[in-house]
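**Q** The structure's right below; bear with me while I get my questions together.
Structure below.
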């Protein structure tokens, strides 16, 4: 494998990174909404949210990807494979993140919530100033793990034709008939990206420590 | 829709074959990963740094890369090292190693979480190290590692779907094959999702039932 091919793979790793970061960001946004629904009062909302979480956590991501890739054009939405992949990745990770966030919000102590009520905060203020900061801090390690899973899961989008790191490695391997170093190199690039996420996670944990209440 | 369903009926033998392959692969990979995971955890916990460091590196390598890349590396890269495997054995080995590495971390944490007082107490009543391990460490650790291990083993069930990429004739591969012959992609993939969903929920339910029964033995530390 020469330098030019390596450069090609580094560029493809960029696509993988963009894919993963987008999915994680969208996933957190959807995850917060779904988590809110699981903790909400109305029963139907709770049940719907639980079904959502159970479905996206219960079906293999590869099957979800294939489903979205085939389903969306069938209902008249002609979208690129990148968009279908991004949709499946975000929905899947949002279900996992909703679960971790739920754990975070449930572990905010009742005393703190009562104290917020006592000083006259509205529900929104209580959420914004007390519950959300504590719950999000508590869930940083879990979200970092989820980010690593999504980075690794993003390799699957190669199956529906998104040209990211794994797809590029496959194409190079198919053209130079020497798959071992190519896939080893892809693995190394994934390792580096995993390591970067871990470092960012540690930095985030230091920047937003959980102060014992 | 009903026409599509009738078409899918023709493919019943392939579908059943797919289900059998998926479940067979999953059960075999689960058993192998428990064995591999336990072996790695024991070696790393009691083997000293000479054993621990290289194993730690291997576990990091497998946990730091996507399963799909590992499968490709083994299946397409293996022949360059004289390791030519058929899709099913290649898939099984990849899955068992993958699951084993994740389980080894859980088991290791479980071994470490057994209170030293219990181990010391066992030594005091004259148990040998092996007896202590078999009668004290193993049962206490088992209760603690059950929930995360169930999660990982359920994850392996979902990961069998990835093996369709190297043409293992499991359920997802069979359904894709049917889809490309009948063009009933949406229906077949929808039904496929539902079957995985049902299977995973069933296992999660069984896992929770086992946890409830075993929680009787959970000690208060």
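Chains as they are written, first to last, in this note's numbering: chain Y, 1330 to 1542; chain G, 180 to 400.
Every residue gets a Cβ at the ideal spot worked out from N, C-alpha and C, and that includes glycine.
Note that the structure is predicted; figures quoted are calculated from it, not measured.
Are the C-beta atoms of residue 1524 (chain Y) and some chain G residue less than 9 angstroms apart?
**A** Judged by the 9 angstroms Cβ criterion, residue 1524 (chain Y) is in contact with chain G.
**Q** DSSP three-state call for residue 348 (chain G): helix, strand or coil?
**A** It is coil, neither helix nor strand.
**Q** Mark residue 190 (chain G) as exposed unless 16 or more other C-beta atoms lie within 10 angstroms of its C-beta, in which case mark it buried.
**A** Buried.
**Q** Would you decide whether residue 1455 (chain Y) is buried or exposed? Buried here means 16 or more other CB atoms lie within 10 Å of its CB.
**A** So residue 1455 (chain Y) counts as buried.
**Q** Which two residues bound the contiguous alpha helix (DSSP H) that contains residue 1446 (chain Y)?
**A** Run containing residue 1446 (chain Y): 1439 to 1447, per the alpha helix (DSSP H) assignment.
**Q** For the segment 1492 to 1504 of chain Y, list every residue whose C-beta sits within 8 angstroms of some C-beta in chain G, in sequence order.
**A** So the close ones are 1495, 1498, 1499, 1502.
**Q** Taking all protein chains shown into account, decide if residue 1392 (chain Y) is buried (16 or more other Cβ within 10 angstroms of its Cβ) or exposed.
**A** The residue is buried, with at least 16 neighbouring Cβ atoms inside 10 Å.
**Q** Note down, in chain order, each residue of its chain lying with its Cβ closer than 7 angstroms to the Cβ of residue 1485 (chain Y), except the 5 sequence neighbours on either side.
**A** So the qualifying residues of the chain are 1390, 1391, 1394.
**Q** Checking contacts by CB at 9 angstroms: is residue 1470 (chain Y) closer than that to chain G?
**A** Chain G contact via Cβ: absent.
**Q** Do we get a CB-CB distance below 9 angstroms when we pair residue 1411 (chain Y) with the residues of chain G?
**A** So no, residue 1411 (chain Y) is outside the interface.
**Q** Are any of the Cβ atoms in chain G nearer than 9 angstroms to that of residue 1538 (chain Y)?
**A** Not an interface residue.
**Q** In angstroms, rounded to a whole number, what distance separates the CA positions of residue 1349 (chain Y) and residue 217 (chain G)?
**A** Rounded to whole angstroms, residue 1349 (chain Y) to residue 217 (chain G) spans 32 angstroms at the Cα level.
**Q** So residue 291 (chain G) is in the alpha helix (DSSP H); what residue range does that whole segment cover?
**A** Segment 266 to 292, the alpha helix (DSSP H) holding residue 291 (chain G).
**Q** Distance check for residue 1426 (chain Y) and residue 1370 (chain Y), CA to CA, integer angstroms please.
**A** One C-alpha to the other measures close to 20 angstroms.
**Q** Measuring only the C-alpha atoms, how far is residue 1396 (chain Y) from residue 367 (chain G)?
**A** So the alpha carbons of these two residues sit roughly 9 angstroms apart.
**Q** Return the CA-CA distance between residue 222 (chain G) and residue 231 (chain G), expressed in angstroms with no decimal places.
**A** Rounded to whole angstroms, residue 222 (chain G) to residue 231 (chain G) spans 7 angstroms at the Cα level.
**Q** Just the Cα atoms here: how many angstroms apart are residue 324 (chain G) and residue 1372 (chain Y)?
**A** Distance between the alpha carbons of residue 324 (chain G) and residue 1372 (chain Y): 33 angstroms.
**Q** Decide yes or no for the touch test of the segment 315 to 333 of chain G against the segment 253 to 267 of chain G: beta carbon pairs closer than 8 angstroms, at least 3 of them.
**A** No: fewer than three Cβ pairs fall under 8 angstroms.
**Q** For a contact meaning CB atoms closer than 9 angstroms, what does residue 369 (chain G) contact in chain Y?
**A** By Cβ distance, chain Y contributes 1396, 1400.
**Q** For residue 1466 (chain Y), I'd like the list of residues in its chain whose CB is within less than 6 angstroms of its CB, leaving aside the five on either flank, ordered along the chain.
**A** If we look at residue 1466 (chain Y) and ignore the five residues flanking it on each side, its Cβ neighbours are 1537, 1539.
**Q** What three-state label does DSSP hand residue 207 (chain G) in the structure shown?
**A** Three-state DSSP puts residue 207 (chain G) in a helix.
**Q** Does residue 1406 (chain Y) come out as helix, strand or coil in the three-state DSSP assignment?
**A** Coil at residue 1406 (chain Y), not helix or strand.
**Q** With burial defined as no fewer than 16 other Cβ atoms inside 10 Å of the residue's Cβ, what is the status of residue 1453 (chain Y): buried or exposed?
**A** Label assigned to residue 1453 (chain Y): exposed.
**Q** By how many angstroms is the C-alpha of residue 1511 (chain Y) removed from the C-alpha of residue 1343 (chain Y)?
**A** About 17 angstroms.
**Q** Does any CB atom of chain G fall closer than 9 angstroms to the CB of residue 1392 (chain Y)?
**A** Output row for residue 1392 (chain Y): interface = yes.
**Q** Hey, residue 348 (chain G) and residue 197 (chain G) are a contact pair by Cβ (cut 8 angstroms); roughly how many whole angstroms apart?
**A** Yes, they are in contact, since the Cβ atoms of residue 348 (chain G) and residue 197 (chain G) sit about 7 angstroms apart, within 8 angstroms.
**Q** For residue 316 (chain G) and residue 210 (chain G), what's the separation of their Cα atoms in angstroms?
**A** Rounded to the nearest angstrom, the two C-alpha atoms are 21 angstroms apart.
**Q** Where do the ends of the alpha helix (DSSP H) carrying residue 395 (chain G) lie?
**A** It is not in any alpha helix (DSSP H) - residue 395 (chain G) carries neither H nor E in the DSSP assignment.
**Q** Along the segment 1368 to 1393 of chain Y, what residues have a CB closer than 8 angstroms to any CB found in chain G?
**A** The segment 1368 to 1393 of chain Y vs chain G, Cβ under 8 angstroms: 1383, 1384, 1386, 1387, 1388, 1389, 1390, 1391, 1392, 1393.
**Q** Counting along the chain, where does the alpha helix (DSSP H) carrying residue 1361 (chain Y) start and finish?
**A** Here the alpha helix (DSSP H) through residue 1361 (chain Y) covers 1332 to 1368.
**Q** Can you confirm whether the segment 1354 to 1368 of chain Y touches the segment 1419 to 1433 of chain Y when touching is taken to mean that 3 or more C-beta pairs between the two stretches lie within less than 8 angstroms?
**A** At 8 angstroms Cβ cutoff, the stretches touch.
**Q** Beta-carbon within less than 7 angstroms of residue 1520 (chain Y)'s beta-carbon, same chain only, minus the 5 sequence neighbours each way: which residues are those?
**A** Same-chain partners within the cutoff: there are none.
**Q** Between Y:1422, Y:1446, Y:1417, which has its C-alpha nearest residue 1476 (chain Y)'s C-alpha?
**A** Ranking Y:1422, Y:1446, Y:1417 by Cα distance to residue 1476 (chain Y) puts Y:1422 first.
**Q** Determine whether the beta carbon atoms of residue 1410 (chain Y) and residue 1351 (chain Y) lie at a separation below 9 angstroms.
**A** It is not a contact, given that the beta carbons lie outside the stated cut-off.
**Q** Does the separation of the CB atoms of residue 1443 (chain Y) and residue 1345 (chain Y) fall below 9 angstroms?
**A** No; because the gap between Cβ atoms is not below 9 angstroms, this pair is not in contact.
**Q** Decide if residue 1340 (chain Y) is buried, meaning its Cβ has at least 16 other Cβ atoms within 10 Å, or exposed.
**A** With fewer than 16 other Cβ atoms within 10 Å, it is exposed.
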